[in-house]
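For the sequence shown, full-length UniProt numbering gives the first residue as 1, with consecutive numbering after it. Don't be surprised by glycine CBs; every beta carbon is placed ideally from N, CA and C. It should be emphasised that the depicted structure is a prediction, and the values quoted were computed from it without experimental measurement. Comments concern the structure below.
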Amino acid sequence: MDPTRAFVRNVKRVVIKVGTAVVTRDDGRLAVGRVGGIFEQLEELNSQGFDIILVSSGAVGAGRQRLKYRRLINSSFADLQKPQVELDGKACAAVGQNSLMALYDSLFSQLDVTSSQLLVTDNDFKSQEFRVQLSQTVNSLLALRSIPIFNENDAISTRRAPYAGLGRTSYHFNLGITYPEEGIFWNFETKVDSSGIFWDNDSLAALLALELKADLLVLLSDVDGLYSGPPIDPRSKLIHTYVKEKHEATITFGDKSRVGRGGMNAKVKAAISASRSGTPVIIASGFIADNITKVLSGERVGTLFHKDAHSWLPLTDVGSREMAIAARECSRKLQSLSSEDRAKILFDVADALEANESLILAENVVDVSAAENTGYDKSLVSRLALKPGKAIYCLQISALAKSMRTLAEMEEPIGQVLKRMELADGLILEKRSCPLGVLLVVFESRPDALVQIASLAIRSGNGLLLKGGKEAMRSNAILYKVITAAIPDNVGQKLIGFVTSRDEITDLLQLDDVIDLVIPRGSNNLVSQVKNSTKIPVLGHSDGICHVYVDKSANIDMAKHIVLDAKTDYPAACNAMETLLVHNDLSTNGGLQKLAQELQCEGVTLYGGPRTSSLLDIAEAQSFHHEYSSRACTIETVSDVYAAIDHIHKHGRHVSIFQFLCFGHTECIVTEDSEAAELFLRQVDSAAVFHNASTRFCDGARFGLGAEVGISTSRIHARGPVGVEGLLTTRWILRGSGQVVDGDKGVNYTHKNLSLE
Numbered sequence: 001m002d003p004t005r006a007f008v009r010n011v012k013r014v015v016i017k018v019g020t021a022v023v024t025r026d027d028g029r030l031a032v033g034r035v036g037g038i039f040e041q042l043e044e045l046n047s048q049g050f051d052i053i054l055v056s057s058g059a060v061g062a063g064r065q066r067l068k069y070r071r072l073i074n075s076s077f078a079d080l081q082k083p084q085v086e087l088d089g090k091a092c093a094a095v096g097q098n099s100l101m102a103l104y105d106s107l108f109s110q111l112d113v114t115s116s117q118l119l120v121t122d123n124d125f126k127s128q129e130f131r132v133q134l135s136q137t138v139n140s141l142l143a144l145r146s147i148p149i150f151n152e153n154d155a156i157s158t159r160r161a162p163y164a165g166l167g168r169t170s171y172h173f174n175l176g177i178t179y180p181e182e183g184i185f186w187n188f189e190t191k192v193d194s195s196g197i198f199w200d201n202d203s204l205a206a207l208l209a210l211e212l213k214a215d216l217l218v219l220l221s222d223v224d225g226l227y228s229g230p231p232i233d234p235r236s237k238l239i240h241t242y243v244k245e246k247h248e249a250t251i252t253f254g255d256k257s258r259v260g261r262g263g264m265n266a267k268v269k270a271a272i273s274a275s276r277s278g279t280p281v282i283i284a285s286g287f288i289a290d291n292i293t294k295v296l297s298g299e300r301v302g303t304l305f306h307k308d309a310h311s312w313l314p315l316t317d318v319g320s321r322e323m324a325i326a327a328r329e330c331s332r333k334l335q336s337l338s339s340e341d342r343a344k345i346l347f348d349v350a351d352a353l354e355a356n357e358s359l360i361l362a363e364n365v366v367d368v369s370a371a372e373n374t375g376y377d378k379s380l381v382s383r384l385a386l387k388p389g390k391a392i393y394c395l396q397i398s399a400l401a402k403s404m405r406t407l408a409e410m411e412e413p414i415g416q417v418l419k420r421m422e423l424a425d426g427l428i429l430e431k432r433s434c435p436l437g438v439l440l441v442v443f444e445s446r447p448d449a450l451v452q453i454a455s456l457a458i459r460s461g462n463g464l465l466l467k468g469g470k471e472a473m474r475s476n477a478i479l480y481k482v483i484t485a486a487i488p489d490n491v492g493q494k495l496i497g498f499v500t501s502r503d504e505i506t507d508l509l510q511l512d513d514v515i516d517l518v519i520p521r522g523s524n525n526l527v528s529q530v531k532n533s534t535k536i537p538v539l540g541h542s543d544g545i546c547h548v549y550v551d552k553s554a555n556i557d558m559a560k561h562i563v564l565d566a567k568t569d570y571p572a573a574c575n576a577m578e579t580l581l582v583h584n585d586l587s588t589n590g591g592l593q594k595l596a597q598e599l600q601c602e603g604v605t606l607y608g609g610p611r612t613s614s615l616l617d618i619a620e621a622q623s624f625h626h627e628y629s630s631r632a633c634t635i636e637t638v639s640d641v642y643a644a645i646d647h648i649h650k651h652g653r654h655v656s657i658f659q660f661l662c663f664g665h666t667e668c669i670v671t672e673d674s675e676a677a678e679l680f681l682r683q684v685d686s687a688a689v690f691h692n693a694s695t696r697f698c699d700g701a702r703f704g705l706g707a708e709v710g711i712s713t714s715r716i717h718a719r720g721p722v723g724v725e726g727l728l729t730t731r732w733i734l735r736g737s738g739q740v741v742d743g744d745k746g747v748n749y750t751h752k753n754l755s756l757e
């Protein structure tokens, strides 16, 4: 549920308005399929206990279509040659209302729902008795689970056309509304006659929402919501939450609805007046299936108008593109600093983390508690939790600060000369390291990832945009605040952008001209979504299937120690063992049983392969390619080291995010046979391959990289733990003294490699 839509939890009574553009097709006929889809949603909500009140336009449009046909068949050929006079709208309304309600009643009857029709005019609302009786009637209908359907009685209305006339006459009727001067519909400054309490069905819906004490008003339109400009303009952006002080002066309206009276302008006026009087309003598309259900589920659909919206959002914010551009500009300032000054920023951030440890941990406790209460998997909760105290490596503030200081003390990564060559006499070419530019990192669960990624971005001179998971919202927010506060003004805090909404990610993934690399850290689903949504290069891995192979010549005590550490040191880590392969000979001498017993004693659930499940009397694993991320693993026997290698290649590889075959994550062989070990190290095609060492060593901090943005199993760009070097690219620097190519005439190429000094 989107935080700005949390109020829908308390919604009971809903007024839903469907416009003419929603209930009719382009040819003027009723859109039976679309209306049927809307009514199915209303039936479901009605059965769930919601009070549903429907306000429907479309009578004039439907009647016009029928009367045009009637006029056509009653006309002579001579009549058809004459100019066609526009049909009387009131006659159209009388005919169309009958057709509209016949369709509505038929559709609702199929859904076993009783509907009722109430036609009103603006003059009716001048009467206090009418308003009291209206409320009583509607309450009675709703108590019987009947759905009232309102429409303006255009056929007999005496009101003149809205938005046209001679003056700015303003009348106020005491309807209990406290904002008559703010453009409320019955005191709307551009109305033209004293009967103008409402001027179309949008304003009627707003009036009914207030009179009938609705908890929410939904205005369904033919567009997704309110845009910053005409929806057909590609530069226009959908406004998810309307704030008058922020948006009023910047919105440009396009043409009005193709068939309705007021278009988006009328909807906005009605929404503003209703929301200021206490009824939240959402303008959404009536063309999208299940949109009403999504609104009442708290999804970020359409545009919200709420009286408290100004306190939720900043009056000025930075769009996705502006955020990325600002990060790039700040990164250039960062690169212009001396190596010592860049390192000092990391030292300052490390100090700030330790100084604010209690505050950070307090916010983290709230996230962890919420995750546990929500019922998240234990593996996710364990990744989420930060811990107090000191350790070499853990989800602890002191460890994170230490990794930052390690990065700061590393050799300067920017501007390193990687190659130097004399192309010709007096023409010197250099290949130097440089930052990639702007990184977008999307990560789940782990708030420590934010610290690691931010520190690597600062050290490598890159701009950074961060989007963490909602489960770590408070932890990420406080960490971001602490880190950016330590960035000096001559660089700018916009070096690191913090994305708070999932919807902003969609916009950011389209910015392939200003974002240089996307790094998703999380589930396979997250990686797949990112991969399928962007043209920006993506770095990462889809999953981490780590194997440990215990050879026949292994020291069993060493093997037990390594296997236990690889699985239980941190089961949720991507470098934890997921599959244990054991040589067949160990199943006959008791080695297999000892390994299994050691794991089970530590609470590890074992799933066997086809051979091992019967040997150990355990459940059979459904797949060899499964990442448990918990105290569980697969165990299987193989005939020899070659069979182990084949198993890893078959079950450890997968389609990578670059759509190339991507091989395994981290593999280990436990053996005293050096020949078998070298064969394994040489032939296993994974990102990291170990001999007699736990897979848990595959980590940026343990590799001395200081930190990591993730572990890549792809062959492209970086592989294994990705530290500072993985966030750098290269550029060529050529120094000459006036040389020109000129068809290479007179150029004597030497291509002599020079010292890097």
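Residue range of the unbroken alpha helix (DSSP H) whose run includes residue i
i	result
L141	Q128 to A143
C330	S320 to S336
R383	K378 to L384
G710	Segment G710 to S712 is the beta strand (DSSP E) holding G710; no alpha helix (DSSP H) there.
P280	Taken as a continuous stretch (DSSP letters only), P280 belongs to no alpha helix (DSSP H), as it is neither H nor E.
L595	G591 to C601
T612	T612 to L616
A455	Note on identity: in this sequence residue 455 is Ser, with Ala being the wrong assignment. Run containing S455: P447 to S460, per the alpha helix (DSSP H) assignment.
V527	N524 to K531
F39	V32 to S47
F680	S674 to Q683
Residue i in three-state terms, based on DSSP
i	result
V14	strand
G19	coil
A209	helix
F660	Caution is warranted here: a pLDDT of 38 is assigned to F660, below 50, making its placement in the model unreliable, and the coordinate value is therefore given only provisionally. If DSSP states are grouped into helix, strand and coil, F660 belongs with coil.
L754	coil
M410	coil
E340	helix
residue 765	Residue 765 lies beyond the residue range present for the chain, which begins at 1 and ends at 757; the question has no answer from this structure.
P180	Bear in mind that a pLDDT of 37 at P180, under 50, signals an unreliable position, so the number given afterwards is only what the model happens to contain. Of the three classes helix, strand and coil, the one that applies to P180 here is helix, per DSSP.
L359	helix
D425	coil
Y749	strand
A576	coil
D744	helix
T605	strand
V499	coil
E444	coil
First through last residue of the beta strand (DSSP E) which encompasses residue i
i	result
V482	It is not in any beta strand (DSSP E) - V482 instead sits in the alpha helix (DSSP H) that spans M473 to A485.
R521	L517 to R521
L465	G463 to K467
A554	Per DSSP, A554 belongs to no beta strand (DSSP E) and is neither H nor E.
C698	Unbroken run through C698: none, as it is neither H nor E.
residue 759	With the chain represented from 1 up to 757, any question about residue 759 goes unanswered, as that position is not in the structure.
CB contact check: residue i to chain D, cutoff 8 Å
i	result
S320	Looking at the structure shown, chain D is missing, and only one protein chain is on hand.
Identified DSSP bridge partners for residue i
i	result
Y570	Y570 is not bridged to any residue.
S433	T730
Q117	I149
I52	V14
R420	E430
H583	V638
G720	S712
E667	H547 and V689
F347	Answer is none; F347 lacks a bridge partner.
Task: Three-pair Cβ contact test at 8 Å for the region 456 to 469 versus the region 324 to 331 - done: Contact between the region 456 to 469 and the region 324 to 331 is present: 3 or more CB-CB pairs across the two stretches fall below 8 Å.
Task: Any alpha helix (DSSP H) of 4 or more consecutive residues that is wholly inside the region 284 to 316 - done: As far as the region 284 to 316 is concerned, its whole alpha helix (DSSP H) runs of at least 4 residues are 291 to 296 and 309 to 312.
Open item on the list: Below 8 Å, how does it come out for the region 734 to 744 and the region 396 to 404: are there three or more Cβ pairs, yes or no?
Closed with: No, the region 734 to 744 is not in contact with the region 396 to 404.
Task: Given 8 Å, three or more beta-carbon pairs between the region 8 to 26 and the region 199 to 207 - done: The region 8 to 26 makes contact with the region 199 to 207: 3 or more CB pairs, one atom from each, lie closer than 8 Å.
Open item on the list: Does the structure place the region 416 to 424 close enough to the region 439 to 456 that three or more beta carbon pairs sit under 8 Å?
Closed with: Put simply, the region 439 to 456 does not touch the region 416 to 424. Fewer than three CB pairs are less than 8 Å apart.
Task: contact_flag[the region 111 to 121, the region 141 to 152] where n(CB pairs < 8 Å) is 3 or more - done: Contact between the region 111 to 121 and the region 141 to 152 is established, with three or more Cβ pairs separated by less than 8 Å.
- [ ] Pair every Cβ in the region 339 to 358 with every Cβ in the region 467 to 477, then say whether three or more of these pairs are closer than 8 Å.
- [x] With the cut-off at 8 Å, the region 339 to 358 and the region 467 to 477 do not touch.
Task: Stretch-stretch touch, CB-based, cutoff 8 Å, three pairs: the region 522 to 530 with the region 555 to 574 - done: Verdict: no, contact absent.
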